[in-house]
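>
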Amino acid sequence: MKKQFPIWLGFALALILLPQIFDTVLGISILNQMTIWIIFALSYNMLLGQGGMLSFGHAVYFGLGGFMSVHALNLIADEIIVFSITLIPLVGGAVGLLAAVFIGSFSTRKSGTVFAMISLGIGELIVASSLIFADFFGGEAGVTGDRTYGPPFFGIEFLQDAEVYYLGAFWLFVATLFMYLFTQTPAGRMANAVRDNPERAEFIGYSTRRVRFISFCAAGLFAGVAGGLFAINYEFITEENLNALTSGRVLLMAYIGGLGFFIGPIVGAVILTLMNSLLSNYSEMWMLYLGIMFLLTVLFLPRGFAGFIMMHQTAWQNRRLGTLILPYLITAIPASLFLAGFVGLVELSHKGDDTLSFFGLILGTESMLSWGILLTLTGIGALGVKLSGPRLDAAWVLANTVRSDNGGDAQ
Amino acid sequence: MPLIHDLYHSQSKKNRFAAQRSIKKIASLTIGAVAYTLSLTAASAQEPVRLGFMDPLSGTFASVGTSGLKALEFAADYFYNSRGGILGGRMIEIVPLDNKQSPTETQLQFRRAVSEELRIIFQGNSSAVANTLNQTIAKHNRRNAGQEVLQINYAAVDPILTNEECSFWHFRFDAHAIMKLDVLTDFIAMNDELNSIYIIGQDYSFGQVVADNTIRLLGEKRPDIEIVGNEFHPIGQVKDFTPYVTKIASSGADAVVTGNFGADMVSLARSIIDSGLTVPIYTFYAAYDGITATLGADGKDRIRLIHTDRANPLASDERREFYRAFKAKNPDSDITQSRLVNALMMVVQAMEQTQSTDPYDIAVKLEDMRFTSIAGDELWMRGEDHQLFQPLYISKHTDEGIEFDADNSGFGLFTEYEVSTEDTLTDHSCRMRRPRR
Amino acid sequence: MAEVFVFATLNGLVTGLLLFMLASGLTLIFSMMGVLNFAHASFYMLGAYFAYTLSTYIGFWGGLLIAPLIVGGIGAAIERYGLRRVHQSGHVAELVFTFGLAFLIEEAVQFFWGRDTKNYQSPELFDFALFSLFGQEFSAYRGFMIAIACLIFAALYFILTRSRVGIIIQASISHPQTVANLGHNVPLIFMCVFGVGTALAGVAGVIAGPVLTTFPGMATVLGSIVFVVVVIGGLGSLPGALIASLLVGLLQSYAIAADVGVPELLNQFGVSFDSSHPLDDLWTLNLPQVAPVLPYLLLVLVLIFKPTGLMGNREE
Numbered sequence: 000m001k002k003q004f005p006i007w008l009g010f011a012l013a014l015i016l017l018p019q020i021f022d023t024v025l026g027i028s029i030l031n032q033m034t035i036w037i038i039f040a041l042s043y044n045m046l047l048g049q050g051g052m053l054s055f056g057h058a059v060y061f062g063l064g065g066f067m068s069v070h071a072l073n074l075i076a077d078e079i080i081v082f083s084i085t086l087i088p089l090v091g092g093a094v095g096l097l098a099a100v101f102i103g104s105f106s107t108r109k110s111g112t113v114f115a116m117i118s119l120g121i122g123e124l125i126v127a128s129s130l131i132f133a134d135f136f137g138g139e140a141g142v143t144g145d146r147t148y149g150p151p152f153f154g155i156e157f158l159q160d161a162e163v164y165y166l167g168a169f170w171l172f173v174a175t176l177f178m179y180l181f182t183q184t185p186a187g188r189m190a191n192a193v194r195d196n197p198e199r200a201e202f203i204g205y206s207t208r209r210v211r212f213i214s215f216c217a218a219g220l221f222a223g224v225a226g227g228l229f230a231i232n233y234e235f236i237t238e239e240n241l242n243a244l245t246s247g248r249v250l251l252m253a254y255i256g257g258l259g260f261f262i263g264p265i266v267g268a269v270i271l272t273l274m275n276s277l278l279s280n281y282s283e284m285w286m287l288y289l290g291i292m293f294l295l296t297v298l299f300l301p302r303g304f305a306g307f308i309m310m311h312q313t314a315w316q317n318r319r320l321g322t323l324i325l326p327y328l329i330t331a332i333p334a335s336l337f338l339a340g341f342v343g344l345v346e347l348s349h350k351g352d353d354t355l356s357f358f359g360l361i362l363g364t365e366s367m368l369s370w371g372i373l374l375t376l377t378g379i380g381a382l383g384v385k386l387s388g389p390r391l392d393a394a395w396v397l398a399n400t401v402r403s404d405n406g407g408d409a410q
Numbered sequence: 000m001p002l003i004h005d006l007y008h009s010q011s012k013k014n015r016f017a018a019q020r021s022i023k024k025i026a027s028l029t030i031g032a033v034a035y036t037l038s039l040t041a042a043s044a045q046e047p048v049r050l051g052f053m054d055p056l057s058g059t060f061a062s063v064g065t066s067g068l069k070a071l072e073f074a075a076d077y078f079y080n081s082r083g084g085i086l087g088g089r090m091i092e093i094v095p096l097d098n099k100q101s102p103t104e105t106q107l108q109f110r111r112a113v114s115e116e117l118r119i120i121f122q123g124n125s126s127a128v129a130n131t132l133n134q135t136i137a138k139h140n141r142r143n144a145g146q147e148v149l150q151i152n153y154a155a156v157d158p159i160l161t162n163e164e165c166s167f168w169h170f171r172f173d174a175h176a177i178m179k180l181d182v183l184t185d186f187i188a189m190n191d192e193l194n195s196i197y198i199i200g201q202d203y204s205f206g207q208v209v210a211d212n213t214i215r216l217l218g219e220k221r222p223d224i225e226i227v228g229n230e231f232h233p234i235g236q237v238k239d240f241t242p243y244v245t246k247i248a249s250s251g252a253d254a255v256v257t258g259n260f261g262a263d264m265v266s267l268a269r270s271i272i273d274s275g276l277t278v279p280i281y282t283f284y285a286a287y288d289g290i291t292a293t294l295g296a297d298g299k300d301r302i303r304l305i306h307t308d309r310a311n312p313l314a315s316d317e318r319r320e321f322y323r324a325f326k327a328k329n330p331d332s333d334i335t336q337s338r339l340v341n342a343l344m345m346v347v348q349a350m351e352q353t354q355s356t357d358p359y360d361i362a363v364k365l366e367d368m369r370f371t372s373i374a375g376d377e378l379w380m381r382g383e384d385h386q387l388f389q390p391l392y393i394s395k396h397t398d399e400g401i402e403f404d405a406d407n408s409g410f411g412l413f414t415e416y417e418v419s420t421e422d423t424l425t426d427h428s429c430r431m432r433r434p435r436r
Numbered sequence: 000m001a002e003v004f005v006f007a008t009l010n011g012l013v014t015g016l017l018l019f020m021l022a023s024g025l026t027l028i029f030s031m032m033g034v035l036n037f038a039h040a041s042f043y044m045l046g047a048y049f050a051y052t053l054s055t056y057i058g059f060w061g062g063l064l065i066a067p068l069i070v071g072g073i074g075a076a077i078e079r080y081g082l083r084r085v086h087q088s089g090h091v092a093e094l095v096f097t098f099g100l101a102f103l104i105e106e107a108v109q110f111f112w113g114r115d116t117k118n119y120q121s122p123e124l125f126d127f128a129l130f131s132l133f134g135q136e137f138s139a140y141r142g143f144m145i146a147i148a149c150l151i152f153a154a155l156y157f158i159l160t161r162s163r164v165g166i167i168i169q170a171s172i173s174h175p176q177t178v179a180n181l182g183h184n185v186p187l188i189f190m191c192v193f194g195v196g197t198a199l200a201g202v203a204g205v206i207a208g209p210v211l212t213t214f215p216g217m218a219t220v221l222g223s224i225v226f227v228v229v230v231i232g233g234l235g236s237l238p239g240a241l242i243a244s245l246l247v248g249l250l251q252s253y254a255i256a257a258d259v260g261v262p263e264l265l266n267q268f269g270v271s272f273d274s275s276h277p278l279d280d281l282w283t284l285n286l287p288q289v290a291p292v293l294p295y296l297l298l299v300l301v302l303i304f305k306p307t308g309l310m311g312n313r314e315e
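Here is the structure:
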C-alpha cells in the first residue's frame, strides 16, 4: 500500500483538477457520468475479472440502488426523514447489498453457464416486474426526485452539476480504494483462486460457493453505490437503468478496458462514456463504429486496452520500448488513412442526396470521383498496413527478446 | 478530430451554408487582417438562430426521429433560409440532438444543448422522454435564471404535460391523447353497426390512457356498446400477436381500438389480417415509416387513424407546393408530422413579433397566439395550459383518391372526418407557475 | 372456451416450432463448441432480410433456398476468422464476441436495409385458409411453418443418429479430444456445425419474416428466449430442445389466452383488497400480463432445481 501511495495521490489530484480543465456544462456532465460508470464497471469486474462469474444482470443492483435512492431523495424533500444528500450512495449500496444477498443465496451455488443464465433470467424478471409494479418503479417514465431540498452540506445545496461532481469524485475515490483493498484481503485472493481452479480451492478446505457469495455481495454493494450516485446526478431513474442493455454496457466496459487488471474497467468506462456522449453527436452511425471497435478489441486485444498497455512491460524492462516507437508510427500512418477512408465510405453511403465534407473536400453520393477517392484512400491504407505489419512484428519480437546480460526468464 | 468536426457540421446544417462560411473564411484570410476583422463583424451580425431538435437519431426508434429532422430542416430552408432568413437576415440552423429515445440520454443531450447555448428545443417522441425533459428544464430554469430553455413538444401526447405537470416552459403542438380519443370515440359512436369493441394496447402510460378513456368516453356516448376486451401486452416484446388475435376473434368484437406504435402496430395489424378477421381497426400511429407499405392492400379501408393533419385530398395549394418540393429533395421520405412545420412557423412568428430569441419573450408571445397554418387550419395556443388547439382528422388507409402516398407504396391516408378547432376544446387542470421577470 | 383452447394450442405450436428451428442450431453449436452464441437470433434476422431482398428479384421460393445458404456461409466465415481466433482466449471471450456480434449485426442490418419495417410478404400460393374453426381462420402459411419445422427435426434426428457424419458430431459433442485423436479434423467439423446451425436460424428467419414482420428489432425480441429454451432443454439434447421449445411456446400462448389473475384467485378464497392498497399492482396482476416473462421464471426454477436442464446430462 505504501508503495502505491503516489498513485492514489495522483488519482485524487486528477479527480480534483479535471473539472477545472473541462469546465463546460457538457464537460462536467461527462465527468459525472464517468464517476458513476467507473464505480459500476469496477464492481462488475469484482464478479467477472476477479471472481470468474459472468453476469448478464448486474444492472439489477445498480438500478435497485438507484430507485431506492430516488425514493430517499423524495422522502428527504417531503421532510419525512432527515438525511444528508451526501450519504445517499450509502442508501443505494445498502439496497444493492440486500438484493445481492438474497439473489446470491441461490445463484452463486454454481459458476459458469448456470450462473450466467440465472443472472439473465433474474434480470429479465426484475425488468418485467419494474413495468408491472408502477408504484415503486414509476412505469416507463420512472421516478423523479430533487436533490436540492435536503439540509445543505456546509452551505452547498447541490444546485449545480459541478458541486455534484465533487461529491461523486469523493465517492469514486472511496469506492475505488475499498474495492482495491478488497482484492488484497484473503476473500479477494480466494476469489481469484476459485476463479482459476475451483477443485483445488475446495481441496484446501474453502467453500467455493461461499467465496463466490462474498464477491457477489461486495459487487452488489458497489453497484448500488453507483446507482445512488446516478440518482443524485440525474435526479431520476427509469427501468432502462436496470435492464439488459445497461448490464450489457457494463460488460463491454469491463471487457474493453481489460478484465485482468484492476485499472482495466476504469479505462473501459472512460472510453465508452466518451464514445457514447461525443461520437453520437457527430454521426448517426456511431453504434456501428462502436460494434466494430468492440469486435476488433475482442479479436486482437483479448486482454483489453489495459492489457495492451501492460504488454509493453517486458519491452520496458528490457529498456527497448524506444525501439518500438518508429515502427508504431510507420504503421499508424496507413492505419489512420484506412480508418479515414472507411469512415468516409460509411458516412457517404448514408448521405442520400446530401454531400459530405471530408477534410475540406465536398463529396457527393452521385459522383464516382468521391467514391473513387475514398476507395483509393482505404485501399492504400490497407496495403500500407499489410506492408508495414511484418516490420512491426519484427521490432516487437526484438524488443521482447530478453537481453543476454539481463538474465531473467522470458515472459 | 477535424474529420469528426467536419462530419458534424455537414450533418447539422445544410452544406451550402457551411460552404459559404468556409469560403468566406478563406477569403478573409487571404485579403488580410483588416478584411478579416470586417468579415468577422459581418459574420456575427449574421449569426444564425440555432434551434435544437432532440429525438432518436440512432438505434431502433431512429426512423421516426430522422424523418422529423428532415422535415424540420427542409421547412426551415424552404420557408425562411431561402427567403433571406429571419430577424433581419439571420439564418435558422437546426442542431440535431440524438437522445436515442432514452430518458437518461435525454438528460445528457440537454446538458450538451445548454453547453452549446441552444435555448429552444424541439422534441416529440415518447411521452416518457417528454416528461423527463419537462422536469429537467423546469429544474434547470429554476436554478439558472437568465439561461432558460424552452421545450417545443410537437408529438408527445401524455395529457399530464398540459395538465398536472404543465410548465411555463413547455408548449404542446400536438393534440393530447384524450382530445384525440374524444374525436375517435365520436366517430365510433356514429357508426350504428358497431356494438362491441376490443381494446388492446402496450402496457405503459399511453396504452393505459387510451384504454381508460375509450371506456369512459364510449360509456358516455354509446352506453349500448359493449367493451368485450381490454388487453395490455408488454411493449416491444411480443413475437407473435396471433394468441391475442384469437382472443379478439372469440370475443366477437366488431372493432379493435389500439394505441400501439412501431413494430407492435404492424405485427398486430398483420396478425389480425392473416387470421381472416374483418374487423376495422382504430389507431393512432398506423402510417408511414414502412408501416403503410407493409400493410398494403390487405389493410385497405379497414385501418383508420386519428391525427392532426388533413391527409388526402390536401386543402391548400401552398401545402401542396411544399409537399412537392420536399418530395423532390427527399424522394424516399414523407412529411409525416406537419405539426413540426406549424410549431416552427409559430415560434418564428413569435421571434419576429418580439424581435428576440429569448425563450421568455417567445413563450409570452406564444401564449394565446392565433395562427393560420399552410394547410389553412386555424390554430390557437391556449395560454392557460400551453396546449395548441387545431382541427383533428380521421383518415383511412386506402389507395383511392390518394394524391400523396406514403412509403411510395401507392397507399396513403384519405381523410373521412374532421372536427374544427372549436370543437376540440377541452378542460384542463393546469395551475401554471409563471416566472417573474 | 373450446375455440380459444384449440387456437391457443395451435399458436403455441407454431411459436414453439419456430423457437425449435433456432434452438436446434443453437444447441448443436452450444453443446459442441461450448459457445453460448448470443448472435444466433441475429442470423435469424439476417435470414429474413436476405430473403426479403431476394424475394423482390426471384420470388419467395428462391429466397427460401438461397438466403439460408448465404447466412450459413456468413456463419461459417465468422467461425473460421472470428470465433476460432477468440477461442484461444477462453469461453468468456467467445461469449463476449458473439454478444458484440449480435450488436454489430443489428447495426449492419440498419445500415444496409434501413430502419423501416420491410414489406416482406408470404407467397400468394399460401393465401388461403387451411381450415376455419369457430369463425377463425388458420392460414395455410402457418401450416407450412409447422411442416418445415417438423421436416427439420426429422432430418436432423436422422442425420445425427443414422449417418456417419452424425456419429462423428455426436462424438465431438461428448468427447472432442478423443475424436481429434482419432484423426478427425475437429476445427472443420466445428466450422461446418456453426455454418449449418446459423443456416437453420436463417431458414427460421426466411419463413418467420412475413408473419412476424421484418424489422431491425426482430432479433432482440427473440434473442434471449432462444437461449432460455436451450438451457431449459439441457445442453446438447436435441429432443430436450424440442420439448423445451414446445413448452415455452405453449406456456406463453396459454398464459395469454387465460383470463385469470390474482383477483380471481383471491376471490376463490374470499379475500379482497381495496384499490388504494400499496401493493395494489400485485393484487391486480393477471396471467396475460406476465406471459412474456414466464420462460425466464421457468429458466431460473429449472436451473435452481436441475442445473443440467430437463434432458441434459452434462454440466458446463
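Chains as they are written, first to last, in numbering that gives the first Met the number 0: chain A, 0 to 410; chain B, 0 to 436; chain C, 0 to 315. From the three backbone atoms N, C-alpha and C, an ideal C-beta is built for every residue, glycine too. Small disclaimer: the values here were computed from a predicted structure and weren't measured.
(1) Using only CA atoms, which one of A:V94, A:G50, A:E239 lies nearest to V91 of chain C?
(2) For E115 of chain B, which three-state DSSP category applies?
(3) Say whether chain C places a C-beta atom closer than 8 Å to the C-beta of I117 of chain A.
(4) Put K314 of chain B into one of helix, strand or coil per three-state DSSP.
(5) Our contact map puts F137 of chain C next to L9 of chain C with C-beta atoms below 8 Å; I'd like the distance itself, whole angstroms only.
(6) Quick one, which residues of the segment 48-75 of chain B are near chain A if we go by CB-CB under 8 Å, in chain order?
(7) A128 of chain C lies in the beta strand (DSSP E); which residues open and close that run?
(8) Count Cβ pairs between the segment 38-57 of chain C and the segment 97-113 of chain C that sit closer than 8 Å; are there 3 or more?
(9) For chain A, is any of its Cβ atoms less than 8 Å away from the one on K326 of chain B?
(10) Quick one: does E78 of chain C have its CB under 8 Å from some CB of chain A?
(11) Please confirm whether V94 of chain B and G67 of chain B have their CB atoms less than 8 Å apart.
(12) I'd like the span of the alpha helix (DSSP H) that includes I483 of chain A, first residue to last.
(13) Kindly list the residues whose CB is nearer than 6 Å to the CB of S41 of chain C, restricted to its own chain and excluding five residues on each side of it in sequence; keep chain order.
(14) Put P434 of chain B into one of helix, strand or coil per three-state DSSP.
(15) Do A161 of chain A and P18 of chain A have their CB atoms nearer than 8 Å?
(16) On a Cα-Cα basis, can you pick out the residue from B:A262, B:N98, B:Q201 that is closest to P233 of chain B?
(17) Between the beta-carbon of L47 of chain A and the beta-carbon of L53 of chain A, is there less than 8 Å?
(18) Does any residue of chain B bring its CB to less than 8 Å from the CB of L158 of chain A?
(19) Taking 8 Å as the threshold, find out whether the segment 183-197 of chain C comes into contact with the segment 54-66 of chain C through three or more Cβ pairs.
(20) Determine, using beta carbons only, whether P358 of chain B and E164 of chain B come nearer to each other than 8 Å.
(21) If you compare alpha carbons, which of A:L16, A:L278, A:L171, A:R188 is closest to V342 of chain A?
(22) Check the Cβ of W285 of chain A against every Cβ in chain B and list those closer than 9 Å, keeping chain order.
(23) Thinking C-beta only, is I38 of chain A closer than 8 Å to V224 of chain A?
(24) Given a cut-off of 8 Å, decide if F172 of chain B and I393 of chain B are closer than it, judged by their beta-carbon atoms.
(25) Name the one or two DSSP bridge partners that A95 of chain B has.
(26) Under 8 Å between C-beta atoms, does R161 of chain C make it to chain A?
Taking the definition as stated:
(1) By one-based count along the third sequence, residue 91 of chain C stands at place 92. The shortest Cα separation from V91 of chain C among A:V94, A:G50, A:E239 belongs to A:G50.
(2) Here the question's residue 115 of chain B lines up with position 116 in the second sequence. Note: E115 of chain B maps to coil in three-state DSSP.
(3) For the purposes of this step, residue 117 of chain A is taken as the residue at position 118 of the first sequence. True, the Cβ-Cβ gap to chain C drops below 8 Å.
(4) If you number the second sequence from 1, residue 314 of chain B lands on position 315. According to the sequence as given, residue 314 of chain B is Ala; it is not Lys. Coil.
(5) What you label residue 137 of chain C is simply residue 138 of the third sequence in a count that begins at 1. What you label residue 9 of chain C is simply residue 10 of the third sequence in a count that begins at 1. Correct: roughly 6 Å between the Cβ atoms.
(6) L56, S57, G58, A61, T65
(7) Sequence index remark: in the third sequence, residue 128 of chain C carries index 129 (1-based). 128-132 is the span of the beta strand (DSSP E), which, as asked, contains A128 of chain C.
(8) yes
(9) Taking the second sequence and counting its residues from 1, one reaches residue 326 of chain B at position 327. With 8 Å as the cut-off, K326 of chain B does not count as an interface residue toward chain A.
(10) Within the third sequence, residue 78 of chain C is the residue found at index 79, counting from 1. Output row for E78 of chain C: interface = no.
(11) The sequence position of residue 94 of chain B within the second sequence is 95, counting from 1. The sequence position of residue 67 of chain B within the second sequence is 68, counting from 1. By the CB criterion at 8 Å, V94 of chain B and G67 of chain B fall outside the cutoff.
(12) The structure shown does not extend to residue 483 of chain A, since chain A is modelled only from 0 to 410, so the question has no answer here.
(13) As a position in the third sequence, residue 41 of chain C is number 42, starting the count at 1. Once the five neighbours on either side are set aside, the close Cβ partners of S41 of chain C are A101, I104, A218.
(14) For this step, residue 434 of chain B is matched to residue 435 along the second sequence. In this structure, DSSP gives P434 of chain B a state outside helix and strand, which the three-state scheme calls coil.
(15) Numbered from 1 along the first sequence, position 162 holds the residue referred to as residue 161 of chain A. Numbered from 1 along the first sequence, position 19 holds the residue referred to as residue 18 of chain A. Yes, the Cβ-Cβ distance between A161 of chain A and P18 of chain A is below 8 Å.
(16) Sequence index remark: in the second sequence, residue 233 of chain B carries index 234 (1-based). Residue B:Q201 is the option with its Cα nearest to P233 of chain B.
(17) If you number the first sequence from 1, residue 47 of chain A lands on position 48. If you number the first sequence from 1, residue 53 of chain A lands on position 54. Remark: C-beta atoms of L47 of chain A and L53 of chain A approach each other more closely than 8 Å.
(18) Counting from 1 along the first sequence, the entry for residue 158 of chain A is found at position 159. Judged by the 8 Å Cβ criterion, L158 of chain A is in contact with chain B.
(19) no
(20) Counting from one through the second sequence, the residue named residue 358 of chain B turns up at place 359. Counting from one through the second sequence, the residue named residue 164 of chain B turns up at place 165. For P358 of chain B and E164 of chain B, no; Cβs fall outside 8 Å.
(21) The residue labelled residue 342 of chain A in the question sits at position 343 within the first sequence. Here the closest residue by C-alpha is A:L278.
(22) For the purposes of this step, residue 285 of chain A is identified with residue 286 of the first sequence, where counting begins at 1. Residues of chain B passing the Cβ test: S57, D97.
(23) Start at 1 with the first residue of the first sequence, and residue 224 of chain A comes out as number 225. Start at 1 with the first residue of the first sequence, and residue 38 of chain A comes out as number 39. Yes, they are a contact pair.
(24) Stepping through the second sequence from its first residue, residue 393 of chain B is reached at position 394. Stepping through the second sequence from its first residue, residue 172 of chain B is reached at position 173. Against a cut-off of 8 Å, the Cβ pair of F172 of chain B and I393 of chain B comes out as no contact.
(25) Reading the second sequence from its first residue, position 96 is the one you call residue 95 of chain B. Reading off the sequence, residue 95 of chain B comes out as Pro, not Ala. Per DSSP, B:F52.
(26) By 1-based counting over the third sequence, the position of residue 161 of chain C is 162. No, R161 of chain C lies away from the interface with chain A (no Cβ there is under 8 Å from its Cβ).
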